[in-house]
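One structure is given below, encoded as structure tokens.
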Amino acid sequence: MMTLIAWINRAIWFGTVIMFGSTGEIITERSGNLNLGVPGIMFLGGFASFAGAYYYENSTPDPSSAVIILIALICGILASTFGGLIYSFLTITLRANQNVTGLALTIFGSGIANFFGVQVLNGGTSVKAAFTHTVFSKPVPFLSKLGVFGDIFFSYGFMVYLAIILAVLTHLVISRTRIGLNLRAVGENPATADSVGISVSKYKYLATCIGASVTGLGGVYYVLDYGYGTWSSSSSIEGLGWLAVALVIFARWKPRNIIWGAYVFGIFFWFYNYAPALLNLTWPNTIVILTQMIPYVITILVLIYVSAKQKKDSLGPAALGLSYYREER
Amino acid sequence: MESQNEKRVPAVSMRNITKTFGSVVANDHVGLDIYRGEILALLGENGSGKTTLMNMLSGLYYPDEGQIFIDGSEVSIPNPRVALGMGIGMVHQHFKLVDVLTATENIVLGLKDKGRLDLDAAAVKIRKICTDYGFDIDPHRKIYDMSVSEKQTVEIIKVLYRGADILILDEPTAVLTPQETTRLFDIIRNMKSDGKAIIIITHKLQEVMHVSDRVAVLRKGAYIGDLVTKNTSIQEMTDMMVGHKVNLNIDRPDPVSPSPRIVVKDLTVTDKDGLVKLDHVSFTANSGEILGIAGISGSGQKELLEAIAGLQTVDSGSIEYIEDNGSHDQLIGKDPLAISNLGVSLSFVPEDRLGMGLVGNMDITDNMMLRSFRNGKTVFTDRKAPRKLAGHVVKKLGVVTPDLSTPVRKLSGGNVQKILVGREIASTPTVLLSAYAVRGLDINSAYLIYDLMNQQKEAGVSIVYVGEDLDVLLALCDRIVVLCGGSCNGILDARTTTKEEVGLRMTTKKEPASVGGSDE
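As you go down the protein sequences, you meet chains A and B in turn. Letter by letter, the first sequence follows residues -10 to 318 in this note's numbering. Letter by letter, the second sequence follows residues 158 to 677 in this note's numbering.
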């Protein structure tokens, strides 16, 4: 029982990182921008929030929880929005190739984070913002004490719930509001959107930057809660970033599928660690990498399924990855 | 009717409208009046400036010169949104709809109404428009589940929903079956009795007779005049549309011992939507002869050439290629490579010019190599011969280019066409298929192409020339196949026929169509 709860806990922590990443990426991709810079943006957001919180924590003997949350979130959002802005400028204004730009942003983000990370590490291999971690991983008061129920649903830091709220909010905005309708039209058929007076560039810029800031929150959560508030020279943010991109496809670009999909990915990713004890199995360590591959395999299966069915609304925005030229008409 | 119109203020009045694209004058001081409660047919050949004129009314283009009056007061229409605000809505030939959204979502898209997005209320409003005018559509259906005619209905409702009372329909019947056309005309008449002004851009004369109150005719960008439909005849409209024959002084050597080269029998092609593109077309193309193909755009010219070149799936019929020694080859079922090895060469100049035949990002030499890259024995391609050919084509046809390594897309349209035609001729074909070879070319380049065609003809090549300009077809070709709605509507001797005859056959089927009941 304890193993099962630990497994679920781990899956939810893990799922929260990619839930932020995927929700942000869905907002971006719905505007027709395929931003493959998700890992880079997570690096930017994660590092900036860590640096902000770490310096604040060490600058005062009596750090306040509210201030530290504010600093971490603002730093993270600013840095990741900056990443989205770079991507927007290159692909929307200059019409650079989206795939190349996204991959470049991933390399750029991890490079910048690790370069400035050297300053923070100050010669070591890892540093810890202990107080920040306590604030970010503080379970829900009272409710988390409700035995097994509390352990499964309420033993997490506030960002776990923020991720769910953001995903639900994104779902509502995309499917129920005029802004969402216009956004979908921009991603499906920008020429049509343009012809009815929707500003394609404005929607693409805003969706990409807002999407990047949400993606960046995944990096914030990764460093400050999932990673126990430590910054180290060897980080696995990048792997989670790519999983977030895969989850968007798995969820067929629908935010409501992200919520359960993220946790399913978490369950499978941590399969190797908990399943043997739970199922009384013994297997060689080499199998670990193999089981961590399961989320990607499922994503491929989902892709095969929706592609074979040729259901148009499951294949992603029709203009995804394409630059929009108004042409001369 | 006429005297009434003179007293009423026109809903739209266009005066001295001029629009040029580069050196091409699309509209030359055109004046046009449109009244409420009237269906106006805007008639003209391809490239006569009908769509350009209407695009200026709907805000897509801005006129270089001239004035537009709405209900008597002068206005400026900088974009489609402003046009809609004045009640002008245009339904384009190519639909602007988002596939994965429902009809309702498409109709309300981009509207800046106050309050939350209420799709149910919008659907109610759409249903009311449907019952008012006789449309039949499910507001909750997604566009990708709809037929072409339903998509068109959504486009028309979209314009009505935004409160348009001046409607422009650009070739609305081009994609419709005869039954759907009849339905659309009923709806248009309903809108007319509701007091709306309706303009139909078309070149189908029978439909003009059927539905319109008045006809305005454009020819080569100029306004020719207007007629009250009930007082006119198809013959009179054709004469106004095509004008009198112009003497172009194009050489036309007599064919030297023509013998059948390509025999097309009962060729039938349907597209993926089930629309018949070619309907039992039969003709023979002879060696040493230029066979013209005339027809309004989209009458099956593209499908015909592609079928011969092996690029089009054919439903039924046969295409035989007859070699000099008299042996017959069936082209249907052969792949394009095998067909081009027989000496059938396709130089298709599509609307975007670079779509077929040339690669825009490659230079002139590389584009020459697209025909010859299979030659040679080693794994390395031979660049010397193509470079020589490129130099030859550039020099002989007077291609204006900085050098041979300039990407083709950077050259002007005329130069691109010269390269394409020059390369095809250099491959010494026995059959040369050419479509719109002089589209967008200045007069000198066009004559150069005609001369090249004639040289090939004298060398015994069988040339199939798909053209737009009837004067050129009559002056250059030996025989003319007239296509009308995908079927062959007569093969005429270009030396004896008249422009009126060709024009009439392009727009009016000689035998009544087997489907639909629009013919008396």
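Don't be surprised by glycine CBs; every beta carbon is placed ideally from N, CA and C.
- Beta-bridge annotation (DSSP): B:M247 is paired with B:I325.
- A:S126 and A:Y145 have their C-alpha atoms some 6 Å from each other.
- With respect to the 7 Å criterion, B:V372 and B:I381 are not classified as neighbours on the basis of their beta carbons.
- Here A:W220 is bridged, per DSSP, to A:V116.
- By the Cβ neighbour-count rule, B:K308 is buried, with 16 or more other Cβ atoms within 10 Å of its own.
- Within chain B, the residues L266, G267 have their CB atoms less than 7 Å from the CB of A:V185, given in chain order.
- Around the Cβ of A:Y44, a 10 Å sphere holds fewer than 16 other Cβ atoms; the residue is exposed.
- According to the DSSP assignment, A:R84 belongs to no beta strand (DSSP E), since it is labelled neither H nor E.
- Counting of Cβ neighbours within 10 angstroms places A:P130 among the exposed residues, the total staying below 16.
- Nothing from the stretch 534 to 554 of chain B brings a Cβ to less than 7 Å from some Cβ of chain A.
- B:T522 places its beta carbon less than 7 Å from that of B:R544.
- Per DSSP, the unbroken beta strand (DSSP E) holding B:R371 starts and ends at 371 to 376.
- If you ignore the 5 residues before and after B:L362, its C-beta comes within less than 6 Å of the C-beta of I391, M394, T664, T665, all in its own chain and listed in chain order.
- With respect to the 7 Å criterion, A:K301 and B:D436 are not classified as neighbours on the basis of their beta carbons.
- Taking B:G229 as the centre and dropping the five residues before and after it, the same chain places the C-beta of V166 closer than 6 Å to its C-beta, in chain order.
- Your pair A:L213 and A:T121 checks out as a contact, with CB atoms roughly 6 Å apart and the cut at 8 Å.
- Taking a Cβ-Cβ threshold of 8 Å, the residues of chain B close to A:E177 are V255, D256, V257, L258, in chain order.
- L217, Y218, N236, P237, R238: these are the residues of the stretch 213 to 238 of chain B whose beta carbon lies less than 9 Å from some beta carbon of chain A, given in chain order.
- Any Cβ of chain A closer than 7 Å to the Cβ of B:Y318 would place that residue at the interface, and such an atom is absent.
- Between the stretch 19 to 29 of chain A and the stretch 172 to 192 of chain A there are three or more C-beta pairs closer than 8 Å, enough to call the two in contact.
- Between B:P564 and B:N518, the C-beta spacing is below 7 Å.
- DSSP places B:T359 outside any alpha helix (DSSP H); the residue lies instead in the beta strand (DSSP E), whose first and last residues are 354 to 359.
- Excluding its 5 nearest sequence neighbours in each direction, B:V182 has C-beta neighbours in its own chain below 6 Å: G378, listed in chain order.
- Under the Cβ criterion (8 Å, minimum of three pairs), the stretch 604 to 613 of chain B does not count as touching the stretch 416 to 426 of chain B.
- Beyond the five residues adjoining it in sequence on each side, B:K253 comes within less than 8 Å, by CB distance, of E312 in the same chain, given in chain order.
- In this chain, A:N47 is not harboured by any beta strand (DSSP E); it is covered by the alpha helix (DSSP H) spanning 27 to 48.
- Distance from the CA atom of B:P586 to the CA atom of B:T310, rounded to whole angstroms, is 47 Å.
- Sequence-distant partners of A:L270 (beyond 5 residues in either direction) whose C-beta falls short of 7 Å from its own C-beta, in its chain, are A264.
- When CB distances to chain A are screened at a threshold of 8 Å, the residues of the stretch 270 to 285 of chain B falling below it are D270, R273, L274, in chain order.
- A:A182 places its beta carbon less than 7 Å from that of A:A174.
- Listed along the chain, the chain A residues whose CB falls inside 7 Å of the CB of B:Y301 are K301.
- In the three-state reduction of the DSSP assignment, B:H186 falls in the strand class, which pools E and B.
- Within the same chain, Cβ atoms closer than 8 Å to the Cβ of A:L135 are found at F143, the five residues on either side in sequence being excluded.
- Going by DSSP, B:N524 is part of the alpha helix (DSSP H) stretching over 521 to 529.
- Here the alpha carbons of A:V237 and A:G207 stand approximately 14 Å from one another.
- Under the Cβ criterion (8 Å, minimum of three pairs), the stretch 231 to 249 of chain A counts as touching the stretch 7 to 15 of chain A.
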